[in-house]
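Numbering (our numbering), first residue to last: 1 to 617.
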């Protein structure tokens with residue numbers, strides 16, 4: 001089913017009339033119908049499907065069942081359904097109001113802000129609406145005029161007629177005047193700050209609430225320019241693109257379009273009647289109808305006599321992606337452009353002794369601060385990727401277990417979304433580091449790369465055909481926990497003889513302590529061996545040999561083009577690489593009759609995890 005006809009959610013606000021019932025055939029039992037939410041996944045008023053196998057289900061239930069692919073690739077940057085479309089019948093004046101931008105609304109209301117556009121379907125002879133200020137006003141004058149009921153004196157009253165279009169960016173003070181019928185396309189939000197309401201009384205017998213303090217904080221107090229050209233569209237922004245369709249039934253009898261994989265299409269019928277056909281289906285329409293065509297529906301034909309608005313979602317302009325690498329000691333936050341280049345980066349202390357909720361809150365707030373310092377709006381960000389140590393359930397966004405940061409069953413995606421409401425992807429830190437190196441580091445010329453991170457543990461990331469290989473189950477590739485010595489040293493995982501128990505910095509320092517009786521750092525161990533301390537030389541020989549066994553196993557299993565070494569110990573390339581390369585050459589199955597991988601040192605350092613995280617899809 002590619003053409004979904006939608007039944008709206010109805011709103012009986014006190015300023016509404018009956019035109020949507022009497023002229024547009026909306027099914028509603030009440031006396032007043034102010035708005036119909038024609039295309040909506042908002043919980044305050046979801047639209048319902050009227051035809052096909054999903055009849056009776058909400059549009060959101062359809063999306064949940066079919067998958068977000070029905071929205072299109074351009075919608076992947078939105079956490080929620082991106083838009084809401086309405087018919088509005090203003091029998092009386094609407095309140096003077098303003099909508100916040102995303103940053104303010106998310107911080108204070110827990111949902112998106114609102115940018116919208118109006119298409120005037122009909123208007124009385126004296127009809128007008130308010131759109132911004134006549135002149136620039138100070139915040140003091142704004143507040144004083146609200147208090148004195150003189151605000152209307154400085155608002156810009158714009159006469160309107162049928163066919164007019166206004167684009168209302170968040171922060172623009174505005175109001176629809178009486179005797180106007182409007183089609184509205186807006187962000188998927190229900191946040192409005194009421195500034196002035198003509199002293200009207202609501203159903204409860206009390207004056208309706210005003211939101212003065214919030215309005216003062218978000219209102220743009222300079223005059224607005226009405227004619228913001230969106231040619232060839234009637235409206236175009238990062239949230240929606242709206243085109244006008246006019247079929248007169250004579251010269252223009254039909255329109256052929258195509259719904260690709262990039263975006264769904266919403267068709268809102270303003271007037272007329274006819275049919276929509278797509279994929280072997282044919283559905284009749286009349287004025288007031290609303291249709292949803294899922295992405296990948298392909299060709300469609302509208303025939304008849306009609307005016308309609310067709311809404312799609314275009315590609316984000318100048319998108320920014322956020323990458324976050326959570327470590328036991330520090331967390332790195334990076335902002336990347338479309339070319340995988342870091343625009344800005346900052347590091348904060350993770351402080352793992354705190355509850356996970358406190359760590360996540362800190363990361364969320366520091367990310368918002370970084371965006372603000374770079375003058376990047378949250379709605380410019382298309383995705384957030386998080387690199388985290390441990391066992392990660394990528395599908396559900398949960399860190400099942402991480403010994404390094406002491407987390408267990410932490411709903412990372414859900415919690416970080418409270419601060420950064422954009423699509424969130426999470427993955428194991430070793431996988432992210434490997435992806436970052438494969439994209440922009442030492443492995444950028446290769447499609448098949450395995451990376452071992454040699455630190456407190458041994459992380460392993462596998463990139464096959466340019467993508468992270470993590471299997472079908474949670475957990476990903478745990479290369480550090482292959483057994484290389486049966487019944488060997490106790491590993492942090494509880495098993496014996498794992499690669500991590502021999503090739504981590506922890507293991508190296510343990511063996512050095514046993515050999516010398518001294519606690520030493522890895523740097524001191526390598527330096528001592530260089531100065532011909534025989535005990536430390538033997539420690540290093542065993543260390544490199546065990547690491548080499550692990551790499552040979554990896555090479556024989558995955559047959560990568562390249563094995564990369566990262567982490568603290570990768571700085572000792574001159575000691576490690578000669579022996580490791582020799583072992584791989586001699587130990588790979590097939591010997592001289594087969595190809596064996598190169599072994600190199602990772603190039604990006606801590607940036608690898610950030611770049612890889614930002615590139616998660």
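In this text, a Cβ means the ideal position worked out from N, Cα and C, and glycines have one as well.
*May I ask you to list the residues that DSSP assigns as paired with residue 427?*
According to DSSP, residue 427 bridges with 387.
_For residue 143, tell me which candidate among 5, 215, 47 has the shortest Cα-Cα distance._
That would be 215, whose Cα lies nearest to the Cα of residue 143.
_Going by C-alpha to C-alpha distance, which of 100, 48, 464, 282 sits closest to residue 299?_
The option with the nearest alpha carbon to residue 299 is 282.
*Using only alpha-carbon positions, find the residue among 8, 542, 172, 321 that is nearest to residue 155.*
Considering only alpha carbons, the answer is 172.
*Tell me, which residues are paired with residue 415 by DSSP?*
In the DSSP output, where bridge partners are listed per residue, residue 415 has none listed.
*DSSP state of residue 93, grouped into three classes?*
Coil at residue 93, not helix or strand.
_Check whether the region 462-475 and the region 495-504 touch, using three or more Cβ-Cβ pairs below 8 Å as the test._
With the cut-off at 8 Å, the region 462-475 and the region 495-504 do not touch.
*Touching or not, the region 479-495 and the region 593-602, by the rule of three or more beta carbon pairs under 8 Å?*
No: the two stretches stay apart, fewer than three of their Cβ pairs being nearer than 8 Å.
*Curious, which full-length beta strand (DSSP E) runs of at least 3 residues does the region 134-180 contain?*
Secondary structure in the region 134-180: the beta strand (DSSP E) runs of 3 residues or longer, each lying completely within the stretch, are 155-159, 165-168 in chain order.
*Whole-angstrom Cβ separation of residue 20 and residue 290, contact assumed at under 8 Å?*
Actually they do not touch by this definition, with Cβ atoms about 12 Å apart.
*asked:* For residue 258, tell me which candidate among 224, 312, 307 has the shortest Cα-Cα distance.
replied: With respect to the C-alpha of residue 258, the residue from 224, 312, 307 having the closest C-alpha is 312.
*Just curious, the alpha helix (DSSP H) that residue 68 is in, first and last residue?*
Counting along the chain, residue 68 sits inside no alpha helix (DSSP H), nor does DSSP assign it H or E at all.
*Grab the span of the alpha helix (DSSP H) containing residue 367 for me, first residue to last.*
Residue 367 -> alpha helix (DSSP H) spans 356-373.
*Shortest alpha-carbon distance to residue 547 belongs to which of 566, 328, 95, 534?*
Measuring from the Cα of residue 547, the nearest candidate turns out to be 566.
*Taking only runs that begin and end inside the region 255-326, name each unbroken beta strand (DSSP E) of 3 or more residues, in chain order.*
Counting whole runs of 3 or more residues, the region 255-326 contains the beta strand (DSSP E) stretches 265-278, 281-286, 290-293, 298-312, 320-326.
*asked:* Quick check on DSSP: helix, strand or coil for residue 14?
replied: DSSP places residue 14 outside both helix and strand once states are collapsed to three, so it counts as coil.
*Where residue 87 and residue 36 are concerned, what is the direct C-alpha to C-alpha distance, given to the nearest angstrom?*
If I take the Cα positions, the gap works out to 5 Å.
*asked:* Here's a check: name, in chain order, each residue in its chain whose Cβ is nearer than 7 Å to the Cβ of residue 406, leaving out the five neighbours to either side.
replied: The beta carbon of residue 406 sits closer than 7 Å to those of 352, all from its chain and outside the five residues before and after it, given in chain order.
*asked:* I'd like to know whether the C-beta atoms of residue 3 and residue 170 end up nearer to each other than 7 Å.
replied: In this structure, the beta-carbon distance from residue 3 to residue 170 does not fall below 7 Å.
*asked:* Count Cβ pairs between the region 324-339 and the region 357-365 that sit closer than 8 Å; are there 3 or more?
replied: In short, these stretches touch, since the Cβ pair count reaches three.
*Work out the CA separation of residue 25 and residue 206 for me, nearest whole Å.*
Answer to the nearest angstrom: the Cα atoms are 32 Å apart.
*What are the boundary residues of the alpha helix (DSSP H) that residue 330 is part of?*
Where residue 330 is concerned, there is no enclosing alpha helix (DSSP H), although the beta strand (DSSP E) around it starts and stops at 330-336.
*Which two residues bound the contiguous alpha helix (DSSP H) that contains residue 508?*
Unbroken alpha helix (DSSP H) run through residue 508: 505-516.
*Establish whether the CB of residue 345 and some CB of chain B are separated by less than 7 Å.*
Looking for chain B here will not work: only one protein chain is present.
*Classify residue 539 as buried or exposed, calling it buried when 16 or more other Cβ atoms lie within 10 Å of its own Cβ.*
With 16 or more Cβ atoms within 10 Å of its Cβ, residue 539 is classed as buried.
*What three-state label does DSSP hand residue 409 in the structure shown?*
DSSP places residue 409 in strand when its eight states are reduced to three.
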